[in-house]
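Read the structure below first, then the notes.
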Amino acid sequence: MAPSPAGRVRLGTQGRLVLGALVLITFVGSMDSTVLATALPTIARELGDLQHLSWVVTSYLLAVTSSALIWGKLGDLWGHKAVLQTALVLFLVGSVLCSQAQDLPELICFRAVQGLGGGGMWVVPQAVLTGLVGARDRGRYQVYIAGAAATASVLGPFLGGLLVERGSWRWVFYLNLPVGLLVMGVLAFCLRGERPGQRPRVDYWGSVLIAACASGIALLVTWGGVVFAWFSPPMLLLLAVVLVLLVLIRQVERSHPEPLLPARVVRERVFRIVVPLSFFFWVVQSGTINYLPLFFQVVKGTSPTVSGMMLLPMSLSGLLAYVLSGHAIARSGRYRHFPVIGAVLMLVGLGVAVALPADASFLAYGAALVVLGLGFGLVSQIALIAAQSACAYRDMGVVTSGVIFFRNLGSVFGAALFGAVLNKRLVDHLAAGMHAGRFTAEESRRIHKGQPLSVESLSPTARQTYVGGYEAAVDEVLLAGLAVSLLVLALACVLPAVPLRGTMTATGVRKDSTVIPSLPAGDDHVRRALEDLSRAGLLPVRRRAEEHARRHGVSLAEIWLLCLVSYGGTTDPAYVGEVMDVPPRVLRARLRSLWATELLYAGDRPSGPTPRGVDLVADLSAVLREQLSGPLPHESVPGGRPGPPDLRGYVVEILAEGSVFRPWRETD
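Sequential numbering of the sequence shown, starting at 14, is according to our numbering.
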């Protein structure tokens, strides 16, 4: 990589090839979660099983969700290149097996294998990008990966329908092979391998128990009232197993040194609201995307390609709302009203779709889906923004992975829950039709076995009953979506409005960084006082920092690093390297400089500032306090005694203004 005239880092040829490979990996992994939506009716007809059809989607999403918890830490243990290649191989093996499946149980099992690799393809590319470019340039490269995921969600149903109509549903899986092999070659020759020296403590048992518990709950939702009666012995036994797993998860997470979700995170009010909001939102979105194509193909009589095209208005309007709301949040710093408006639009879109008669025009359905897509776009990104802004930096990774985990879990339960609703309503409707003698003996036999019927071969009476059953079943799915959307609206209305994390504009810091240490949520008065200061009013803080730098023989950037460590409470290179655009060798050299001047503890002693370092940071905070006009309100500190607001985070921001980091990039 080479610096550009503007100071940015340009990727070389190998770097661009690796970036392209990461984009392709993200595209393929994301598309496989939606590409089968339009192929499900064809798969049901060919494999002769309608009752368990929803598990073709559920098994993949469940495997992705469960494995994603652990792929990231395996990357820290073995190196991201090796782990990404392993995930890709597993995904390709699963794709080959899926393409050869002869019945639905085989396809469901092979989709789970594919999903185990897909979990790594969702998580590890972000970690590889972190090592490929610095924090300063990462934002503009992340756009490509985020764009690939968004494009895949838009094109997935359409591409699946096209492949089914022009060839076979098996081509959905064949298509992964050339793309995967191309990516494997690029990674092998262009991406450098690495092996971290420190072995992380991975919560394997927690991951396994959570995956098992999620699978058990998905089975409860899918089997209840369809395969078994709700209070039958198998269902009660499964419920008991789930309850035992929940108890074990609590015990394991409380005793593990690095739990998947620390108790301090779970106690945070914003997190407790964001998690169910994200979960229920993705329940609605997943169920809608996966089962609307069934309605268009069976009830409206469209081809798989056209049924995929019918989802494009929803996907495109959702993408537009996502982008525009993101820009609005960046300008205003406010986000709370977006999920409320989005949830209302979801209710309107689903309500109109339910109210429309089966013979309504495609334009009418398209308009309803546009409104629904706008609602999806306004809600989808808020959960992560709110959670990250409310947490301390040391919990940033845990909070991010936690929100994403429950988002994926919502997708799993959306597919399972709405699939169970559809199956139950369809079975009841067809059973009533058989009772009334509207089906032949052979048709009734196939219905009893859960096998789909060909609409074209049915008599007019049987066709009307069969299509009417699908119409009623999809209406039930949309009504279930309405009920869950009400929960989304209720949670959005009580979501706290916390100040968005301040952004640094120094040369070495991303302008859109979400990893800057969390500023106290209750210090709006300090923020307002700081904003009232002119740039000249901030100069005394920088001048005092320069005096300390000269006195101790260190650079201004190292004083900034000392303040950052004091505020964040760690010298972890992953923490500091995420904030600053600094190569690891330079970071280690600057830390050694602070150790040598006895401003930071080194060796086996506790990480953090020494008493001299603490006094230095306190002096800079005192200088800032003198510049702020008027007395500052006091806040409580441990023990209940009042104390002055913590200004260290604001000192970090002030020192980052200007060219603090330019000497690092020019001289190292």
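All C-beta atoms in this analysis are idealised placements derived from N, C-alpha and C, irrespective of residue type, glycine included.
Taking a cut-off of 8 Å for Cβ pairs, the segment 275 to 294 and the segment 44 to 60 do not touch, as fewer than three such pairs fall below it. For Thr-39, the uninterrupted alpha helix (DSSP H) run begins and ends at 26 to 44, by DSSP. Short of 7 Å from the beta carbon of Ile-395, and not among the five residues preceding or following it, lie these beta carbons of its own chain, in chain order: Tyr-348, Phe-351 and Pro-352. In the structure shown, Phe-244 adopts coil according to DSSP, grouped into three states. When only Cα atoms are considered, Thr-610 and Ala-631 end up about 17 Å apart. By the CB criterion at 7 Å, Leu-74 and Ser-424 fall inside the cutoff. Pairing His-442 with Ala-485 gives a Cβ-Cβ distance under 7 Å.
The C-beta distance from Pro-306 to Ser-320 rounds to 4 Å, short enough to fall under 8 Å.
When secondary structure is reduced to three states using DSSP, Gly-566 falls in the coil class, being assigned neither helix nor strand. Shown here for Leu-391: same chain residues with a beta carbon closer than 6 Å to its own, the five before and five after excluded, namely Ala-334, Ser-338, Phe-351, Ile-354 and Gly-355 in chain order.
Sequence-distant partners of Val-196 (beyond 5 residues in either direction) whose C-beta falls short of 7 Å from its own C-beta, in its chain, are Ala-34, Leu-37, Ile-38 and Leu-101. Every alpha helix (DSSP H) of 4 residues or more that sits fully in the segment 217 to 291 is shown, in chain order, as 217 to 236, 246 to 268 and 276 to 279. In this structure Ser-67 is in contact with Ala-428, their Cβ atoms being roughly 6 Å apart against a cut-off of 8 Å. CA-CA distance, Phe-452 to Ile-342, rounds to 56 Å. Residue state for Leu-443 is assigned as helix, using DSSP reduced to three classes. A straight-line Cα-Cα distance of about 8 Å links Phe-375 and Met-323. The C-beta separation of Val-416 from Ala-433 comes to about 26 Å, leaving the pair out of contact by the 8 Å criterion.
Note that the C-beta distance between Leu-575 and Gly-626 is below 7 Å. Bridge partners of Pro-370 according to DSSP: none are assigned.
With contacts defined by Cβ atoms closer than 7 Å, Arg-557 and Val-636 form a contacting pair. Contact check for Thr-318 against Gly-174 passes: the beta carbons are separated by less than 7 Å. Under the three-state reduction of DSSP output, Leu-190 falls in the helix class.
In chain order, Leu-75, Thr-78, Ser-79, Leu-422 and Val-425 place their CB closer than 7 Å to the CB of Ala-227, counting only its own chain and leaving out the 5 sequence neighbours on each side.
Under the DSSP assignment, Pro-317 falls in the alpha helix (DSSP H) whose first and last residues are 317 to 322. When the alpha-carbon of Val-41 is set against those of Leu-500, Thr-623 and Pro-138, the nearest one is in Pro-138.
Under the DSSP assignment, Ser-181 falls outside any alpha helix (DSSP H); it carries neither an H nor an E label. A distance below 7 Å separates the beta carbons of Pro-170 and Ala-50.
Only residues of its own chain outside the window of five on either side were considered, and among them Ser-291 and Trp-295 have a CB closer than 6 Å to the CB of Arg-420, listed in chain order.
Exposed is the label assigned to Cys-506, since fewer than 16 other Cβ atoms lie within 10 Å of its Cβ. By the Cβ rule, the segment 99 to 117 does not count as touching the segment 376 to 391, because fewer than three pairs are nearer than 8 Å. Looking at the DSSP output, Leu-613 shares a beta bridge with Pro-622. Around the beta carbon of Ala-503, fewer than 16 other beta carbons sit within 10 angstroms, so the residue counts as exposed.
For Ser-112, the enclosing alpha helix (DSSP H) covers residues 93 to 112. In its chain, beyond the 5 residues on either side, Leu-129 and Gly-130 have a beta carbon closer than 6 Å to the beta carbon of Leu-103. In the structure shown, Gly-355 falls within a helical segment according to DSSP collapsed to helix, strand and coil. Taking every protein chain shown into account, the CB of Val-312 has 16 or more other CB atoms within 10 angstroms, so this residue is buried.
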